[in-house]
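*Asks:* Residue numbers (our numbering): 714 to 939.
Beta carbons: idealized from backbone N, C-alpha and C, even for Gly.
These figures come from a predicted structure and were not determined experimentally.
Following this message is one structure expressed as structure tokens.
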């Protein structure tokens, strides 16, 4: 599903964000990517969603080499990858339903499809009963669940979650992780980037550890060791 070969990202002569990393993440895997700040995790995500291009090496998504992706193909790529950020980035004057619908509207989907998809993804995250609420009326955990719902509207093959529990308490963190596990059980590949040691160790899934732009560990049933 995701194949990295000799992936390198150098911003300038003093900043080497990723240093010749190679890895393969198979379809349906749940993988945590961990490491201290400045180890290249955010750069890797930006390359996966074509926000950045690598300096050297290749990135393949489902057999498609996106290393030199054309600008016109980026929207198609991003419909295959659902992205969840720590910053909710919800539209405050739109309801939960409208926030999720908006992701389909900008992609040119029909109203029929929007009315079909939005209730289903809100049910997946347990927010169908709050479809008419505004972000300001929701808890932080509920807002993050709206973001997860929005990431699912295109039925992506991959969900990338960048510190999705960074601003949440323990209870809301548990709820968000349980939703990600449920998404993974549907067959979606989940890539979780996190500093949360307890979350990583409780998952008992594959863990890739980055340090100074290199992969220093890649373990099944791994732990957060740094």
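Quick check on this structure: which residue in 809, 875, 897 and 793 has the alpha carbon closest to the alpha carbon of residue 906?
*Replies:* It is 875 whose Cα lies nearest to the Cα of residue 906.
*Asks:* Within 10 angstroms of its Cβ, does residue 814 collect 16 or more other Cβ (buried), or is it exposed?
*Replies:* Buried, since its Cβ has 16 or more Cβ neighbours within 10 Å.
*Asks:* CA-CA distance, residue 780 and residue 827?
*Replies:* Their Cα atoms are separated by approximately 32 angstroms.
*Asks:* Would you call the segment 739-757 and the segment 886-905 touching, i.e. three or more CB-CB distances under 8 angstroms?
*Replies:* With the cut-off at 8 angstroms, the segment 739-757 and the segment 886-905 touch.
*Asks:* CA-CA distance, residue 775 and residue 714?
*Replies:* The straight-line gap from Cα to Cα measures roughly 4 angstroms.
*Asks:* Would you mind stating whether residue 890 and residue 878 have Cβ atoms separated by less than 8 angstroms?
*Replies:* Cβ distance < 8 angstroms, so residue 890 and residue 878 count as in contact.
*Asks:* Taking the alpha helix (DSSP H) that residue 831 belongs to, which residues open and close that run?
*Replies:* Here the alpha helix (DSSP H) through residue 831 covers 824-837.
*Asks:* If you reduce the DSSP assignment to three classes, tell me which class residue 752 lands in.
*Replies:* Correct three-state label for residue 752: coil.
*Asks:* So residue 855 is in the alpha helix (DSSP H); what residue range does that whole segment cover?
*Replies:* From DSSP, the alpha helix (DSSP H) with residue 855 extends over 853-864.
*Asks:* Tell me which residues share the same chain as residue 839 and place their Cβ nearer than 7 angstroms to its Cβ, disregarding the 5 neighbours each side in the sequence.
*Replies:* Excluding sequence neighbours, residue 839 sits near 858.
*Asks:* Verify the contact flag: residue 727, CB atom, against every heavy atom of the ligand GTP, threshold strictly below 7 angstroms.
*Replies:* As for the ligand GTP, it is missing from this structure, which has no ligand bound.
*Asks:* Pull up the DSSP beta-bridge partners for residue 932, would you.
*Replies:* Answer is 920, bridged to residue 932.
*Asks:* In whole angstroms, what is the alpha-carbon distance linking residue 831 and residue 862?
*Replies:* Those two C-alpha atoms are separated by around 8 angstroms.
*Asks:* So what's residue 738 in DSSP terms, helix, strand or just coil?
*Replies:* Residue state, collapsed to three classes: strand.
*Asks:* Quick check on the DSSP output: what are the complete alpha helix (DSSP H) runs of length 4 or more inside the segment 740-821, in order along the chain?
*Replies:* You should have 754-761, 787-793 and 809-818.
*Asks:* Please report the distance separating the alpha-carbon of residue 761 from that of residue 772.
*Replies:* Spanning the two alpha carbons is a distance of roughly 7 angstroms.
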